[in-house]
Every structure is written in structure tokens, then in C-alpha cells.
Amino acid sequence: MVIEDKLQELKEQIEKIVPAGITISNVEFEGPELVIYTDDPKQFADQADLIKILARDLRKRIVVRPNILEDPERAAQEIRAVVPENAGITDLFFDPETGEVLIEAEKPGVVIGKNGVTLREITKQIGWTPKVVRTPPIESSTVKQIRTYLRSVKDERKAFLRTIGRRIHREVTSKDQWLRVTTLGCCREVGRAAFLISTPESKILVDCGEKPGNIANGTPYLYVPEIYPLDSLDAVVLTHAHLDHCALVPLLYKYGYEGPVYSTAPTRDLSTMLQLDYLDVVRKETDKIPYTSNEVRTYMKHSITLNYGSVTDIAPDVKLTFHNAGHILGSAIAHFHIGEGLYNIAFTGDFNYQKTRLFSPAVSSFPRLEALFMESTYGGANDNQPQRKDAEDKLYETVSATIQRGGKVIIPAFAVGRSQEVMLALEEGIRRQKIPPVKIYLDGMIKEATAIHTTYPEYLNSDLRNQIFREGLNPFLSEAFVQVDSPAIREKVITGDPCVIITTSGMLNGGPVMEYLKALGPDERNTLVFVGYQADGTLGRRIQKGWREIPLGWRETIVINLEIATSDGFSGHSDRKQLMNYVAHLQPRPEKIFTIHGDENKTIDLASSIYKRHRIETHSPMNLETYRMI
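Residue numbers for the sequence shown follow the UniProt record's numbering, beginning at 1 and rising by one.
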């Protein structure tokens with residue numbers, strides 16, 4: 001059946017379901033969604049459950065759009081007339097591509113109204129589909145720039161989504177049924193995550209990252225026959241925004257990829273921010289950058305965001321569902337349903353199976369699961385981290401001791417995830433008088449990353465949301481935090497009073513931390529505290545191993561006399577005990593488990609231990625291997 005015939009058949013099915021009097025002018029695949037165009041959006045709004053019924057019966061993601069959208073200025077006036085003034089509307093963002101208006105308000109519940117009555121009234125009045133979010137307490141320039149850019153390329157986006165929609169919903173032509181996974185990176189190593197899922201009909205790439213501290217050999221195997229040419233890919237799926245998983249996604253567009261990248265909305269925004277910063281860091285270290293900001297914009301233009309739990313067609317024989325991974329904001333376990341119940345496979349990305357100050361534990365229950373690729377960063381037999389409370393108490397002791405002797409505490413941390421966890425711990429430490437009331441300076445992209453966290457509060461755990469919205473205590477807005485946004489301020493921090501400095505990069509691969517280390521490293525009163533994993537080959541790992549002189553260029557050397565401390569409990573990765581616990585709680589229990597994203601001995605040891613305890617078939621794959629699942 002050609003795609004036009006399929007759309008006509010769907011239109012006829014829709015017309016049988018919708019009440020008389022509602023006109024369906026057209027239906028069209030746009031990305032993974034089936035879009036219903038109508039002259040009667042108000043009647044759709046009156047039928048509160050109609051879209052749910054259509055989605056259930058057609059087994060498609062349904063969006064309803066009016067044929068003619070009301071002028072945004074007039075629509076904005078009508079929204080403000082319908083919504084009570086005490087809702088505190090702060091911004092309206094109209095997206096012609098989707099027919100949606102994003103309403104930012106201080107009190108979203110007032111905009112929604114009891115049982116959604118106010119939202120339905122808005123739809124009836126203006127035709128646009130309203131979406132309501134809480135006004136973020138810290139404005140993110142990244143989010144605003146991305147929204148503005150996507151609005152500027154709305155016509156290109158629409159054409160792209162229609163092309164992708166038709167590709168996704170094309171007919172399945174092969175009679176063969178098989179599934180293979182090819183490892184293109186991240187096996188028996190940390191970094192350059194990239195895995196290729198292949199069926200007779202489609203190819204899906206999961207992640208495309210760089211290897212920390214290894215510029216010469218830091219790229220996945222993107223030239224092998226299984227994936228080449230890149231325009232043969234149906235989709236790229238991005239589990240989260242750390243550079244070892246997302247840094248080289250724009251590179252794909254440089255070398256011929258033209259398809260979509262699926263992620264959560266926070267992952268799209270954070271990865272864009274980090275990719276641009278990555279280019280800046282690489283440019284300073286070497287004359288050769290892997291791609292330009294043009295490719296980052298191309299990635300943004302081709303991004304498709306999904307919510308947790310939303311089952312989505314991404315190829316004729318592949319459905320994708322994201323589940324919370326508990327690692328960083330928007331991090332996701334990617335669950336793939338292959339064929340009509342043929343096979344189910346999941347990739348954890350990086351995950352954390354314990355509740356943290358920011359996030360709920362990773363999801364361990366799935367509708368079906370035959371195979372799992374799981375990270376093993378702390379998969380070694382002795383990789384058991386202290387409890388989070390013990391790690392925080394140790395940090396408090398280290399900070400207090402350093403401040404008392406007149407020193408400064410440098411905490412290198414990833415801008416996304418670890419920085420926010422440490423910020424929350426230190427804020428509480430000051431509030432409860434566990435550490436002296438010192439200034440906490442934020443250098444690098446930490447403030448902007450934190451602003452993105454406040455843009456997406458629905459991804460934070462319920463305790464933190466309640467603290468912010470019900471108790472009125474937002475720890476991110478503490479007066480203790482001071483942004484360092486110029487070399488002059490950085491110099492004042494270096495020469496000023498005892499303080500805490502949280503700065504990027506987390507593994508000391510460039511960034512502002514190098515300025516602090518160069519200036520403060522020779523002074524024994526100061527302390528360098530590691531709160532995250534330090535990969536082999538990075539400066540952070542060398543200092544942990546005891547290096548006391550660090551070459552900087554041809555002639556300069558950083559002298560390390562300051563105290564070195566490690567606080568393991570802040571990691572966003574599960575330790576050995578949690579990894580084993582995760583496998584024990586998996587529902588259903590998979591037939592195969594592949595241990596990846598860890599040093600060679602750790603992945604092998606974890607695979608062996610899982611087999612011995614659970615009698616599940618396990619593998620510690622090497623790069624460039626292909627496994628047939630069915």
C-alpha cells in the first residue's frame with residue numbers, strides 16, 4: 001500500500017469515529033505523529049476524550065491542528081482575556097510548525113483550570129493547542145535561543161517532518177525477521193558511545209559520543225560497512241547530554257546524515273549547549289575541529305523530542321519509548337519494540353538506581369524485555385560507593401577544614417548533573433550550619449545548565465519539586481551562589497577570601513578549572529575535591545594517581561601542592577551493588593545482558609557476576625562486534 005492510500009484509509013477511519021459535524025480536511029504524517037487538519041478545532045476541544053480515543057483505535061500519536069491559525073497577537077489577547085490574572089502569565093511562545101502555544105505562567109494550575117476547563121476554552125477561542133509550563137525561576141538563554149531558532153526554520157521543519165513521517169510509515173517489504181546490534185564504541189572502555197540496531201527494514205544509531213581525554217582515538221567507528229553511508233540510517237536516538245554520548249551527533253550531518261535525532265527536550269537543550277562549548281574547547285587545544293556550529297544548528301533543526309513513557313514509531317518496524325534513567329536531567333533508558341511483538345531491547349545509557357537530591361531512581365520495569373545493554377562504569381567487584389549522606393558529610397568536613405586554614409576548595413564537576421547535586425548539598429550544608437557561610441562561586445556553564453534544570457521541573461524528583469513549589473524554598477536561588485562570568489571576577493575569586501569554587505570541566509580537560517588549578521595548585525592550604533568519575537587518559541585521573549607536576553604546553557608546568565580529596569558518593573552512575581540490584585529487580589527478566597561503558601576488567605567482572613547469580617546469558621562485547629538477537 002502506497003503512503004497516500006494509507007493516509008486515505010486512516011482519514012476514513014477517523015471520519016467514522018469523530019461525531020457528525022466535525023470536518024476532517026486532511027491527514028498527514030509529520031515525523032512520528034499523525035496530524036489531523038480540521039476547520040472545527042473548537043468542536044474537537046469540546047470532545048475532551050476524542051483524541052485519546054483516536055490514538056487508541058488507530059495506534060498512532062494524534063495531533064489536531066486547525067487549517068487556519070489565528071494571528072498570534074490576537075490569539076495572545078484572547079488567552080489573557082480567558083485566563084484569570086492571578087495565573088501570572090509571563091510569556092507566550094507560538095509555534096506555527098506544531099500549531100501549539102506554550103504558555104509560561106507562575107501558577108500553571110490556574111491556566112489549566114478545574115479538569116482542564118480553561119485550557120479547552122482557550123482552544124475553542126483561538127484554535128492553537130495550548131501547552132502550559134511553570135515560569136522558570138532562572139531564565140535560560142539556551143532554551144530561548146533554541147525556541148527562537150526553531151521558529152525561524154518552521155517551514156523547513158515542516159517539510160522535514162513530512163518527509164520523515166512518510167519514511168517512518170512506509171510499508172514493511174522484507175519477509176525476513178532478524179535483529180542485530182553492532183558495537184561502534186563504548187565497549188570495554190568509557191566514552192565514544194555508539195551502537196547500531198539493524199533489522200531487514202531499518203537502521204537506528206543509539207548515541208554518538210567522544211572519548212574523554214583521547215582526541216587521537218576518540219571517535220566511534222562510523223566508517224564501517226554496517227552503518228555507512230550515514231544517509232541509510234532511519235534515526236539517531238540520544239540517551240542523554242553528556243559529551244561521551246552526544247558530542248559527535250552534529251558530525252553525522254557533516255558526513256551525509258539527514259534524518260531525525262530523538263531525545264527528551266532537556267537532552268536536546270543541554271546537548272546543544274555542551275556541543276557548542278565542546279567546539280570552543282577543542283578549538284583552543286587544536287586547530288582541527290570535528291564540525292562547526294552550522295552542524296549544531298542542523299542537529300537542532302532535525303531534533304524530535306519525546307516525553308518519558310510515550311510510545312513512538314521511529315521506523316516501519318521499530319517503536320521507541322524513553323524511561324527515566326536517573327542519571328542527569330532528561331537522561332533516558334531507550335526501549336525498542338521491534339516488529340509486531342518480535343523482540344524488545346533496551347539501552348540504559350548512563351543510569352542511577354538510587355534516588356538522589358535531583359532525580360528518582362532509574363526505571364526497572366518494562367512491558368517486555370529480551371535483551372539489555374547496561375553501563376558498567378562502576379561494575380568492578382570493589383566499586384561500591386559510600387552512601388550519599390556519608391559522601392556529603394565527608395564533603396562538609398573537607399570544606400570546613402579547608403576554610404578554617406584559610407584555603408579555597410576547587411570542585412571540578414560536569415556542568416550538567418554533578419554540579420547541581422553538589423550545589424544542593426552545599427546549600428543545605430550552609431543552611432543547616434554544617435559548613436561555614438562562605439561564597440560558592442560557579443564558573444563555566446554551570447549557571448546556564450542550572451537554568452535549564454529549572455525550565456523542566458517535571459523531570460526533577462517529587463521531593464525537590466515540593467520544596468520549590470509548595471514550601472517556597474528554591475535552593476538554586478540561594479544567595480551563597482555567585483556566578484563568575486568574566487576573567488576579572490575570576491581573578492578576584494583567586495585572590496580573595498576563602499571560598500568554594502565549582503567549575504568545569506569535570507575531568508580537567510580544559511575549561512576554567514585549569515585557571516584555578518594553575519593559580520591555586522601550589523598552595524597547600526587549598527583543596528581539590530573530585531566528585532565524579534575520572535576516565536583513563538584525563539588530567540583528573542593523573543592527579544588522582546599522584547601526579548604533582550602537570551605539563552601545560554611546552555614550557556609551563558602546574559605544581560600540585562594542594563590537598564587532593566575524592567568524594568565518590570556524588571556520582572550519577574550506579575555502583576557495583578546498585579548494578580546487581582538493578583538486574584535483580586528487572587521486570588521482566590531479560591534473556592541476555594551486555595555489559596558496556598566501563599573499563600575492560602569491570603565489564604567482564606560484572607558480566608560474570610550477573611551470570612553466576614542470575615543464570616542470565618551475559619556478554620562483555622568488544623568494539624566492532626555484531627550480535628544477532630533473533
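Glycine included, each C-beta is placed from N, C-alpha and C at the ideal position.
It should be emphasised that the depicted structure is a prediction, and the values quoted were computed from it without experimental measurement.
Under the three-state DSSP convention, the category residue i falls into
{"i": "D536", "result": "coil"}
{"i": "E375", "result": "strand"}
{"i": "Y37", "result": "strand"}
{"i": "T495", "result": "helix"}
{"i": "Y253", "result": "helix"}
{"i": "R628", "result": "strand"}
{"i": "L161", "result": "helix"}
{"i": "F530", "result": "strand"}
{"i": "G309", "result": "coil"}
{"i": "L102", "result": "strand"}
{"i": "D599", "result": "coil"}
{"i": "F94", "result": "strand"}
Alpha-carbon to alpha-carbon, residue j and residue i
{"i": "R465", "j": "G472", "result": "10 angstroms"}
{"i": "T23", "j": "V101", "result": "23 angstroms"}
{"i": "S271", "j": "A247", "result": "8 angstroms"}
{"i": "Y533", "j": "S571", "result": "7 angstroms"}
{"i": "V531", "j": "I411", "result": "7 angstroms"}
{"i": "P229", "j": "Y223", "result": "8 angstroms"}
{"i": "C186", "j": "H245", "result": "9 angstroms"}
{"i": "M93", "j": "P130", "result": "In the sequence as displayed, the identity of residue 93 is Phe instead of Met. Computed Cα separation, rounded: 10 angstroms."}
{"i": "D40", "j": "T199", "result": "41 angstroms"}
{"i": "E370", "j": "N294", "result": "40 angstroms"}
{"i": "K6", "j": "P96", "result": "26 angstroms"}
{"i": "T38", "j": "P72", "result": "19 angstroms"}
{"i": "L342", "j": "V529", "result": "49 angstroms"}
{"i": "P84", "j": "P108", "result": "11 angstroms"}
{"i": "S263", "j": "G256", "result": "20 angstroms"}
{"i": "R180", "j": "Q8", "result": "34 angstroms"}
{"i": "E397", "j": "A565", "result": "11 angstroms"}
{"i": "M622", "j": "F594", "result": "10 angstroms"}
{"i": "Q177", "j": "G191", "result": "32 angstroms"}
{"i": "V261", "j": "K158", "result": "15 angstroms"}
{"i": "G88", "j": "I446", "result": "28 angstroms"}
{"i": "E392", "j": "H242", "result": "23 angstroms"}
{"i": "L196", "j": "T626", "result": "9 angstroms"}
Own chain, CB closer than 8 angstroms to residue i, minus 5 neighbours either side, in chain order
{"i": "I168", "result": "F29, G31, P32, D234, D313, I314, A315 and P316"}
{"i": "A480", "result": "L426, E427, I430, P437, V438, K439 and I440"}
{"i": "V82", "result": "T118, E121, I122 and Q125"}
{"i": "R162", "result": "E28, F29 and E30"}
{"i": "R542", "result": "I550"}
{"i": "residue 640", "result": "No answer is possible for residue 640: it lies beyond the span of the chain, which begins at 1 and ends at 630."}
{"i": "E617", "result": "E591, K592, I593 and Y611"}
According to DSSP, residues forming a beta bridge with residue i
{"i": "Y262", "result": "V237 and I304"}
{"i": "H337", "result": "K319 and N344"}
{"i": "F29", "result": "L34"}
{"i": "D443", "result": "V484 and T503"}
{"i": "H619", "result": "F594"}
{"i": "R180", "result": "S198 and R628"}
{"i": "E563", "result": "T527"}
{"i": "K518", "result": "Beta-bridge pairing links K518 to no other residue."}
Residues near residue i in its chain [Cβ-Cβ closer than 6 angstroms; skip 5 each side]
{"i": "R388", "result": "G569"}
{"i": "S574", "result": "N352 and Y353"}
{"i": "D91", "result": "E104"}
{"i": "E375", "result": "T348, D350 and H597"}
{"i": "G339", "result": "D317"}
{"i": "L251", "result": "P290 and Y291"}
Cβ-based neighbour list, residue i, same chain, cut-off 7 angstroms, excluding 5 preceding and 5 following
{"i": "Q578", "result": "Y353 and Q354"}
{"i": "V493", "result": "Y441, V484, C499 and I501"}
{"i": "G379", "result": "R576, L579, T595, G598, K602, T603, D605 and L606"}
_Using a Cβ distance threshold of 8 angstroms, determine whether the stretch 490-505 contacts the stretch 376-395, with at least three qualifying pairs required._
These segments do not touch.
_Within 8 angstroms, do at least three Cβ pairs link the stretch 93-112 to the stretch 131-143?_
Touching, yes, given that three or more Cβ pairs across the two stretches are closer than 8 angstroms.
_Inter-stretch contact at 8 angstroms, needing at least 3 Cβ pairs: the stretch 292-309 / the stretch 253-273_ = At 8 angstroms Cβ cutoff, the stretches touch.
*Touch test, the stretch 509-522 against the stretch 546-564, Cβ-Cβ under 8 angstroms, three pairs minimum*: Under the Cβ criterion (8 angstroms, minimum of three pairs), the stretch 509-522 counts as touching the stretch 546-564.
*Three or more C-beta pairs below 8 angstroms linking the stretch 170-180 and the stretch 576-596*: With a cut-off of 8 angstroms, the stretch 576-596 and the stretch 170-180 do not count as touching, because too few Cβ pairs lie within range.
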